[in-house]
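Participant: Quick note on numbering: the sequence shown equals residues 11 to 317 in this note's numbering. Think of the CB as a built atom: it goes at the ideal place given N, C-alpha and C, for glycine as much as any other residue. Mind having a look at this structure? Questions to follow.
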Amino acid sequence: METERTADDVFGLLSDEIRLDILRTVALAQHEEKRTGVAALSFSDIYDRVEVDNTSKLSYHLGELTGTFLRKHEDGYAFTHAGEQLIRFILSENYQSPPDVGRIETDGVCLFCGESALQATIEEQYFTVRCAACERPAFSYRVRPAQVRAHTGTDLIDAVIWEQASDLLKTQQDVCPDCAGHLETEVVDAEDEPVGSGVPVAFAAISECQQCLRQLGLPLPYAAAYHPESIAFHWERGVDILGTGFWEFHRYLNDGRWSSERVETDPVEYRVELQRETTSLRLYLDANAVVTRTERVQRRDQGERRS
Ligand SMILES: [Zn+2]
Ligand SMILES: [Zn+2]
């Protein structure tokens, strides 16, 4: 049986330039030969491509990498799961800082001053939306350097929005967007755990990965907005939830069109209301932010009619 490696051991393996070269070589060869379906590289192929003094030295380094970053089978060497992750990180140069992108105009209204003057920038390596009128922040989300290098202008904004949407869809299934481990979500009072400065909301959904400790916190109406019923409800009314940035949702909290409240205490139940024109979608959520039922309500001056 293989002994389990510690993080120290694993990263120690990479402190040698030849080993990084071997990993790059396997990736490039796979890329070049993808049409032939070759997934592994033989010892002699690697020896031809990597600058190393002799075969016994190569054999030593391959031995060190095998089991952690490479796996050996009949045809030669291929990546393990960890090797695959690592080589994508190295080739994409996501260890560099993201480049500066200047200021990109984006839609939405400032929560603080009400101006439609939001601009996206990269600040402290984070994608940040800030109001140009009052300089207050509206939104911040992580970006990867490769993402920023590959997209400019509104294209970058779209890339962040889709990244955020895919993170949220996984979160709804209790899947960690980073490690695919188990996420646990609970609804909390937003006074205790604020989700962004100045966001006027009563409740928030906080999700935390039990394995890699990734945490995501967002206003409860936003978590509910990604429920399929809400995506359909908005789509029918010309709004693409998956293609909209959180900072564009802020205005709905501000004017009260989106709200959350606790409607039951034993067991606890929350109701999120998402209003669009004359119709409201109500989503009922449990303590773990799971939607248990929904209803559409027609808003009329003389009262409400459920559908
Ligand atoms: Zn402002
Ligand atoms: Zn995780």
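Indicate whether ARG81 and ALA88 have their beta-carbon atoms separated by less than 8 Å.
Facilitator: Cβ distance < 8 Å, so ARG81 and ALA88 count as in contact.
Participant: If you measure between the beta carbons of ASP296 and THR304, is that distance less than 8 Å?
Facilitator: Cβ atoms of ASP296 and THR304: not closer than 8 Å.
Participant: What separation, rounded to the nearest whole angstrom, lies between the Cα atoms of THR131 and PHE137?
Facilitator: Cα to Cα, THR131 sits roughly 6 Å from PHE137.
Participant: State yes or no: is the C-beta of SER270 within less than 8 Å of the C-beta of VAL282?
Facilitator: Yes, they are a contact pair.
Participant: Mind checking which residues open and close the beta strand (DSSP E) that includes GLY86?
Facilitator: First-last of the beta strand (DSSP E) with GLY86: 86–89.
Participant: Among the candidates ASP110, GLY124 and THR78, whose CA atom is the shortest distance from the CA of ASN264?
Facilitator: The shortest C-alpha separation from ASN264 is found at GLY124.
Participant: Contact defined as beta carbons within less than 8 Å: I believe LEU51 pairs with GLY86. What is the distance between those atoms, to the nearest angstrom?
Facilitator: Yes, LEU51 and GLY86 are in contact; Cβ-Cβ is about 5 Å, under 8 Å.
Participant: Taking the DSSP output, what are the residues bridged to TYR280?
Facilitator: Answer is ARG272 and LEU295, bridged to TYR280.
Participant: Taking the straight line between their C-alpha atoms, what separation do you get for CYS141 and HIS161?
Facilitator: So the two alpha carbons sit approximately 22 Å from each other.
Participant: Any heavy atom of ligand 2 inside 7 Å of the beta-carbon of GLY191?
Facilitator: Yes, ligand 2 has a heavy atom inside 7 Å of this Cβ.
Participant: Helix, strand or coil, according to DSSP, for THR318 in the structure here?
Facilitator: The question about residue 318 has no answer here: the residues shown for the chain are numbered 11 through 317.
Participant: Which partner residues does TYR262 have in the DSSP bridge list?
Facilitator: Looking at the DSSP assignment, TYR262 forms no beta bridge with any residue, so it has no partner.
Participant: Is GLU287 a contact residue of ligand 1, with contact defined as CB to any heavy atom under 7 Å?
Facilitator: No, Cβ of GLU287 sits at least 7 Å from all heavy atoms of ligand 1.
Participant: Using the rule of at least 16 other Cβ atoms within 10 Å of the residue's Cβ for burial, across every protein chain shown, is ASP177 buried or exposed?
Facilitator: So ASP177 ends up on the buried side.
Participant: So if DSSP puts THR195 in a beta bridge, which residue, or which two residues, is it bridged to?
Facilitator: According to DSSP, THR195 bridges with SER217.
Participant: Count Cβ pairs between the region 105–114 and the region 164–174 that sit closer than 8 Å; are there 3 or more?
Facilitator: Yes, the region 105–114 is in contact with the region 164–174.
Participant: Straight-line CA distance for HIS260 to LEU30?
Facilitator: For HIS260 and LEU30, the distance between alpha carbons rounds to 45 Å.
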